[in-house]
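Here the structure is laid out as structure tokens; the discussion comes afterwards.
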Amino acid sequence: MTLAQWMPFIVLVPMITSGLVALLPGRNLPWLMTFLAATASTGLSLWVLFGIDAEPLRYAFGNWPPPIGIEYRVDAANAWVAFIVSGIAMAALLWGRVSVHQEIPERQNIFYALFLLALAGLLGITLTGDAFNVFVFLEISSLSTYALIAFGHDRRGLLAAFRYLIMGTIGATFILIGIGFLYMMTGTLNMADLAERIPAVADTNAVRAGFAFIIVGLGLKLALLPLHLWLPNAYAFAPNVITVFLAGTATKVALYVMLRFIYTVFGGDYSFGAVPLATLLMILAIAGMVVGSWVAMFEPNLKRLLAYSSVAQVGYLVLGVSLVSLIGLTATFVHLFNHALMKAALFMALGTVMYRTGSARIEAFYGVGRQMPWTMTAFALAGLSLIGVPTTAGFISKWYLILAAMEAGLAWLVVLILITSFMAVYYIWRVIEAAWFKPAQTDAQGATKVFREAPLALLIPLWIMVALNFYFGLETSLSLGAAEQAAQALLGAFK
Amino acid sequence: MMDVVLSYFNYWVVILLMMIGFYGVIAHGNMDKKLMALGLFQTSVFILFISAGKVIGGATPVIRDGVSVFSNPLPHVLILTAIVVGVATTAVGLALAVRINEAYGTIEDDLIGDPSHEPEEP
Amino acid sequence: MSFIPTLSPLTVVVIPFVGALAIALAHQHPKLRDGLGWLASIAFFIAVAGHIGPTLSGQGATQTLSELLPGVSIAFAVEPLGLLFALIGASLWLVATLYAQSYMKSLNYPHLARFFACYAIALGAAAGIAFSENLLTLFIFYEILTLSTYPLVTHSGSEEARRGGRIYLFYLLASSIGLLLPAIIWVYAATGTLDFQSGGILGDHIAPHWIPVLVGLFAFGIGKAALMPMHKWLPAAMVAPAPVSALLHAVAVVKAGVFTILKVAIFVFGIDVLLATGAGVWVAWVAAFTIVSASLVALRLDDLKARLAYSTVAQLSYVIVGAMIATPLAAIGAVMQLAMHAVAKITLFFSAGAIQVASGRKKIKEFDGLGRVMPYTFTFMTIGILSIIGLPLFGGMWAKWYLLMGSLSAEQWIVAGALMLSSLLNILYLLIIPIRGFFAPAADGVPTEGLHEAPMAQRVAMGITATACVVLFFFPEPLFELAKGLVS
Numbered sequence: 000m001t002l003a004q005w006m007p008f009i010v011l012v013p014m015i016t017s018g019l020v021a022l023l024p025g026r027n028l029p030w031l032m033t034f035l036a037a038t039a040s041t042g043l044s045l046w047v048l049f050g051i052d053a054e055p056l057r058y059a060f061g062n063w064p065p066p067i068g069i070e071y072r073v074d075a076a077n078a079w080v081a082f083i084v085s086g087i088a089m090a091a092l093l094w095g096r097v098s099v100h101q102e103i104p105e106r107q108n109i110f111y112a113l114f115l116l117a118l119a120g121l122l123g124i125t126l127t128g129d130a131f132n133v134f135v136f137l138e139i140s141s142l143s144t145y146a147l148i149a150f151g152h153d154r155r156g157l158l159a160a161f162r163y164l165i166m167g168t169i170g171a172t173f174i175l176i177g178i179g180f181l182y183m184m185t186g187t188l189n190m191a192d193l194a195e196r197i198p199a200v201a202d203t204n205a206v207r208a209g210f211a212f213i214i215v216g217l218g219l220k221l222a223l224l225p226l227h228l229w230l231p232n233a234y235a236f237a238p239n240v241i242t243v244f245l246a247g248t249a250t251k252v253a254l255y256v257m258l259r260f261i262y263t264v265f266g267g268d269y270s271f272g273a274v275p276l277a278t279l280l281m282i283l284a285i286a287g288m289v290v291g292s293w294v295a296m297f298e299p300n301l302k303r304l305l306a307y308s309s310v311a312q313v314g315y316l317v318l319g320v321s322l323v324s325l326i327g328l329t330a331t332f333v334h335l336f337n338h339a340l341m342k343a344a345l346f347m348a349l350g351t352v353m354y355r356t357g358s359a360r361i362e363a364f365y366g367v368g369r370q371m372p373w374t375m376t377a378f379a380l381a382g383l384s385l386i387g388v389p390t391t392a393g394f395i396s397k398w399y400l401i402l403a404a405m406e407a408g409l410a411w412l413v414v415l416i417l418i419t420s421f422m423a424v425y426y427i428w429r430v431i432e433a434a435w436f437k438p439a440q441t442d443a444q445g446a447t448k449v450f451r452e453a454p455l456a457l458l459i460p461l462w463i464m465v466a467l468n469f470y471f472g473l474e475t476s477l478s479l480g481a482a483e484q485a486a487q488a489l490l491g492a493f494k
Numbered sequence: 000m001m002d003v004v005l006s007y008f009n010y011w012v013v014i015l016l017m018m019i020g021f022y023g024v025i026a027h028g029n030m031d032k033k034l035m036a037l038g039l040f041q042t043s044v045f046i047l048f049i050s051a052g053k054v055i056g057g058a059t060p061v062i063r064d065g066v067s068v069f070s071n072p073l074p075h076v077l078i079l080t081a082i083v084v085g086v087a088t089t090a091v092g093l094a095l096a097v098r099i100n101e102a103y104g105t106i107e108d109d110l111i112g113d114p115s116h117e118p119e120e121p
Numbered sequence: 000m001s002f003i004p005t006l007s008p009l010t011v012v013v014i015p016f017v018g019a020l021a022i023a024l025a026h027q028h029p030k031l032r033d034g035l036g037w038l039a040s041i042a043f044f045i046a047v048a049g050h051i052g053p054t055l056s057g058q059g060a061t062q063t064l065s066e067l068l069p070g071v072s073i074a075f076a077v078e079p080l081g082l083l084f085a086l087i088g089a090s091l092w093l094v095a096t097l098y099a100q101s102y103m104k105s106l107n108y109p110h111l112a113r114f115f116a117c118y119a120i121a122l123g124a125a126a127g128i129a130f131s132e133n134l135l136t137l138f139i140f141y142e143i144l145t146l147s148t149y150p151l152v153t154h155s156g157s158e159e160a161r162r163g164g165r166i167y168l169f170y171l172l173a174s175s176i177g178l179l180l181p182a183i184i185w186v187y188a189a190t191g192t193l194d195f196q197s198g199g200i201l202g203d204h205i206a207p208h209w210i211p212v213l214v215g216l217f218a219f220g221i222g223k224a225a226l227m228p229m230h231k232w233l234p235a236a237m238v239a240p241a242p243v244s245a246l247l248h249a250v251a252v253v254k255a256g257v258f259t260i261l262k263v264a265i266f267v268f269g270i271d272v273l274l275a276t277g278a279g280v281w282v283a284w285v286a287a288f289t290i291v292s293a294s295l296v297a298l299r300l301d302d303l304k305a306r307l308a309y310s311t312v313a314q315l316s317y318v319i320v321g322a323m324i325a326t327p328l329a330a331i332g333a334v335m336q337l338a339m340h341a342v343a344k345i346t347l348f349f350s351a352g353a354i355q356v357a358s359g360r361k362k363i364k365e366f367d368g369l370g371r372v373m374p375y376t377f378t379f380m381t382i383g384i385l386s387i388i389g390l391p392l393f394g395g396m397w398a399k400w401y402l403l404m405g406s407l408s409a410e411q412w413i414v415a416g417a418l419m420l421s422s423l424l425n426i427l428y429l430l431i432i433p434i435r436g437f438f439a440p441a442a443d444g445v446p447t448e449g450l451h452e453a454p455m456a457q458r459v460a461m462g463i464t465a466t467a468c469v470v471l472f473f474f475p476e477p478l479f480e481l482a483k484g485l486v487s
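Here the protein sequences line up with chains A, B and C, keeping their order. Numbering of the first sequence is given in numbering that gives the first Met the number 0, commencing with residue 0 and proceeding in unit increments. Numbering of the second sequence is given in numbering that gives the first Met the number 0, commencing with residue 0 and proceeding in unit increments. Numbering of the third sequence is given in numbering that gives the first Met the number 0, commencing with residue 0 and proceeding in unit increments.
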């Protein structure tokens with residue numbers, strides 16, 4: 000079999016395994032199968048990532064040639080995103096086994112089946128070359144995500160899931176409307192085919208409306224301010240392993256689809272020329288950066304704090320897009336990866352503390368630094384990456400973003416990026432100060448609560464993630480190289 | 000003027016349904032009503048697709064003698080998928096509503112408030 | 000010095016880090032911990048000294064670790080200026096180890112393993128700064144230096160120490176991330192490289208009218224150089240134990256700041272460019288202002304360490320003046336000031352700590368008559384002060400001399416006036432201390448009976464650095480040659 004024939008298995012393996020996992024008994028077997036499936040996807044996507052050259056890999060399902068059949072079409076951009084998504088899933092699972100035992104003592108097989116379904120959905124969105132197929136996979140991943148968020152024992156998760164369901168469905172329906180408009184105007188759903196036919200009808204209100212619906216719908220999935228309201232609670236009250244997984248993947252995939260529509264389907268000239276998208280995105284991105292960081296500075300629930308930080312980080316990602324340059328897009332793609340690394344590490348660290356303390360409130364972290372030094376040191380180091388300290392992955396992202404802003408001649412934007420970085424210093428520092436400088440909590444009798452250091456099963460994956468944050472801050476050839484290729488693949492598509 | 004109204008008849012229906020649905024989702028605090036409105040909202044999009052597939056004067060898309068103009072079957076197929084998705088969404092939503100009712104004793108959104116303000120459970 | 004092996008620059012930088020790890024692991028065995036402290040500082044000194052031969056013969060070692068960004072690597076290159084900085088750090092670390100081990104035990108400080116580990120890391124970071132081949136590598140070690148010295152500043156753990164630590168961290172991080180980093184990125188965006196090259200790298204890449212702005216970003220962004228208004232962290236850092244103030248806030252940290260300024264002036268802008276465009280002159284004026292106003296502030300302070308801190312602020316600006324006026328004479332003066340001030344100021348901080356150990360006193364008004372009880376300490380202090388004032392027989396004179404000549408030859412009258420005024424003020428606010436100590440009768444309520452000299456180890460440490468002040472007056476040639484080589 001050729002690489003192009005192996006490529007669909009990135010999606011098929013988790014999808015098929017999910018049905019199998021639902022039938023497996025016990026707790027360890029479902030986890031093992033899930034982990035193996037995620038590993039297989041990661042391996043395959045890594046293989047694809049390295050095997051890809053100038054021509055995209057194509058696979059037509061059922062031997063129906065496109066545009067009639069559904070086609071998977073993979074270039075450097077999707078391969079990179081698929082690798083990030085499956086890799087983060089693998090890391091989350093590696094860390095999550097023990098955490099899931101605590102948070103979801105029963106029906107773990109269903110939980111893992113849903114996890115795989117969500118993963119398959121996200122990977123499907125990433126790989127497919129068919130606009131309607133995007134919608135279907137989006138709903139597959141979304142529906143399983145709603146269920147996963149509600150799976151924990153925290154009843155607030157139910158509310159967060161329900162509200163996410165309402166907003167997510169509206170967003171997905173918007174995308175469907177947009178796709179409908181495009182189909183009416185062009186008679187095709189294949190992205191490459193759409194790209195060829197849209198220019199002829201570009202100057203119609205229907206296409207413009209379709210464009211707007213798709214961007215708004217994806218903006219909702221992406222949690223771009225002001226469409227971010229579902230995200231903080233969804234992240235905060237989901238089981239920790241799900242938070243780790245979602246923080247590294249869900250918004251990333253939505254951003255990728257948005258880029259795919261902007262550059263491949265509509266073409267950069269249309270998106271940034273006929274429509275003032277760049278200005279709009281820049282305003283929203285900046286609003287996201289500032290508002291997200293601002294709220295995070297005062298948020299007492301640390302999972303929500305990091306969730307708002309994610310809103311800010313989405314701002315960074317979109318900012319790179321809005322600069323409409325190779326460097327800007329490279330910044331976005333490299334931050335896609337780096338942000339997944341840092342947020343996964345941070346949420347893992349939080350989850351590891353919660354494994355012992357059971358609460359994400361900042362008061363619950365008082366004195367934890369002395370009681371769980373390994374966990375909190377990991378948190379502090381991952382925090383450095385979030386801030387963008389040199390030698391961490393976060394620094395590379397910031398560097399490219401600032402470089403792109405400078406290239407565009409926007410000095411005030413550089414200042415703004417730095418200001419939001421300082422805000423990140425502040426909110427990370429709050430956690431550090433609580434953990435190390437505040438006296439430990441006391442119980443009702445006034446005795447100091449004692450928490451043991453977390454088990455190695457949690458610490459080792461956490462520290463691997465932290466180490467990766469530093470590895471990719473020092474050895475950037477893989478991340479930067481792939482990001483630049485991804486950016487070029489997208490830009491090349493519109494030239 | 001009348002022409003415009005009549006010749007875009009299907010679109011007017013779509014817009015009307017969509018707005019009713021959208022309004023319902025936003026305005027209603029009751030979760031069941033929210034889900035119904037959401038269903039209405041989705042249905043409007045289904046109609047949009049299906050009505051676009053109709054070719055005036057076209058027959059059902061089954062190849063047979065003497066018929067050369069067919070309606071487009073593809074939107075129907077797409078919407079079949081979308082309907083399945085919609086049903087699944089409603090099912091998940093209702094399941095969540097049941098669980099919320101168990102946990103909070105109500106499904107009125109306004110009575111529950113912001114979960115982030117809820118005190119920590121012991 | 001061919002009998003000393005020349006280790007790779009990375010190995011040199013890593014030695015203190017390994018030492019720190021070993022010290023931290025030995026936290027339950029005080030003897031072993033102290034032994035490791037000695038081992039690390041001696042090994043580090045030998046390793047740095049091993050680079051003298053090759054570097055002076057023009058074959059400084061280079062080493063590239065990994066390419067971080069296109070055209071920017073983490074890389075080391077040993078050149079004379081960096082070697083000078085590393086040598087100052089390494090040799091004074093030896094003396095400081097002698098002093099610090101005695102001092103910290105005299106005052107019963109806890110957590111000594113953490114203290115000495117962070118101390119070692121700071122020295123390793125300073126070596127990293129010294130050997131950096133490009134701005135980014137330098138920036139990384141610059142930040143490591145900031146972070147590793149934070150626990151030292153807050154070592155006592157008191158509320159005051161933590162407040163001082165917050166100011167310390169805020170000023171240094173805010174200036175470096177807010178100003179220095181954008182300056183570095185600007186250079187990179189304009190030139191595509193960050194390598195230090197003699198003659199500078201800017202060329203025509205940046206329009207002349209922007210160069211003064213860039214100079215300003217660097218000068219204020221390098222907060223460790225304590226140019227006003229970025230100087231606040233230095234007095235705040237005085238809550239740290241005396242050995243920290245002595246080695247780090249008189250030598251490693253602040254010298255890292257002015258060293259970076261020199262490095263940027265010589266290898267990024269190019270001395271000739273700065274001289275030709277006059278882009279740095281406005282910063283030189285700010286530095287002149289800093290010199291005078293810091294001296295005036297120091298006059299009014301009664302706490303010895305606080306007064307020394309403001310004296311340091313003033314003395315650092317001498318280097319900035321030299322680098323920014325950029326005439327050859329001024330630049331030579333700047334390089335010499337780097338070394339001379341380090342040796343003199345560490346002596347003063349040692350003596351401040353020694354007085355505290357022996358008498359528990361920190362306020363200058365309580366020092367009356369103390370000099371007769373602690374003759375060694377006060378004598379060494381006097382030598383340090385005379386060197387800082389810049390009188391003949393003491394090394395500091397050479398630096399002051401060249402700086403003054405340089406500013407006169409550039410016809411910078413304001414700057415030259417500030418330099419001379421500062422020397423006068425030095426007499427008023429520094430020399431007055433030993434004068435009162437030796438000649439004033441003991442003040443009411445602070446009798447000197449029952450007090451005695453500081454421990455032997457501390458006296459020896461002070462004696463060594465004080466002697467160095469004198470020796471440097473008679474043998475300044477190596478320094479001078481090195482500085483000349485850099486400038487021409």
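For glycine and all other residues, C-beta sits at the position ideal for the given N, C-alpha and C. Being a predicted model, the structure only gives us computed values, none of them experimental.
Query: Every unbroken alpha helix (DSSP H) within the segment 203–261 of chain A, with a cutoff of 4 residues, ordered by chain; Result: 204–221, 229–236 and 239–258
Query: DSSP state of Asn-300/A mapped onto helix, strand, coil; Result: strand
Query: Beta-carbon spacing of Tyr-234/A, Leu-245/A below 8 Å; Result: yes
Query: Beta-carbon contacts of Ile-143/C that lie in its chain and below 6 Å, excluding the five residues immediately before and after; Result: Ala-124
Query: Under 8 Å between C-beta atoms of Gly-291/A and Val-317/A; Result: no
Query: Where Glu-66/C meets chain A, residues with beta-carbon distance less than 9 Å; Result: Glu-474, Thr-475 and Ser-476
Query: Collapsed DSSP secondary structure at Arg-451/A in the structure displayed; Result: coil
Query: Residue from Tyr-187/C, Phe-217/C, Leu-216/C and Gln-196/C with nearest C-alpha to His-204/C; Result: Tyr-187/C
Query: Nearest to Leu-295/C (by Cα), restricted to the options Thr-311/C, Trp-281/C, Leu-193/C and Ala-482/C; Result: Thr-311/C
Query: Same chain only: Cβ atoms within 6 Å of Ile-51/A, ignoring 5 sequence neighbours per side; Result: Ala-75 and Ala-78
Query: Interface residues of the segment 133–148 of chain C facing chain A [CB-CB below 8 Å]; Result: Leu-135, Phe-138, Ile-139 and Glu-142
Query: Simplified DSSP state of Asn-107/C, which is helix, strand or coil; Result: coil
Query: Selection from Thr-89/B, Ile-106/B and Asn-71/B that minimises the alpha carbon distance to Ile-55/B; Result: Asn-71/B
Query: Under 8 Å (Cβ pairs) to chain A, residues found in the segment 166–192 of chain C; Result: Leu-172, Ala-173, Ile-176, Gly-177, Leu-180, Pro-181, Ile-184, Trp-185, Tyr-187 and Ala-188
Query: Spatial neighbours of Ala-182/C in its chain, beta-carbon cut-off 8 Å, leaving aside the 5 residues before and after; Result: Leu-213, Leu-216, Phe-217 and Gly-220
Query: Contact set for Met-0/C: own chain, Cβ-Cβ below 8 Å, skip 5 residues either direction; Result: Because Met-0/C carries a pLDDT of 45, less than 50, the predicted location of this residue cannot be relied on, and the following value inherits that uncertainty. Answer for Met-0/C: Ala-48, Gly-49, Ile-51 and Gly-52, listed in chain order.
Query: Beta-carbon gap between Gly-128/A and Tyr-71/A smaller than 8 Å; Result: yes
Query: Simplified DSSP state of Asp-422/C, which is helix, strand or coil; Result: Checking the sequence, you will find Ser at residue 422/C rather than Asp. The answer is helix: DSSP assigns Ser-422/C an H, G or I state.
Query: Within-8 Å CB hit, Pro-389/A to chain C; Result: yes
Query: Sequence-distant residues of its chain with Cβ nearer than 8 Å to Thr-42/B (five each side left out); Result: Leu-16, Gly-20 and Gly-85
Query: Contact list for Ile-73/C against chain A, beta-carbon separation under 9 Å; Result: Thr-390 and Leu-473
Query: Cutoff 8 Å: Pro-15/C Cβ touching any chain A Cβ; Result: no
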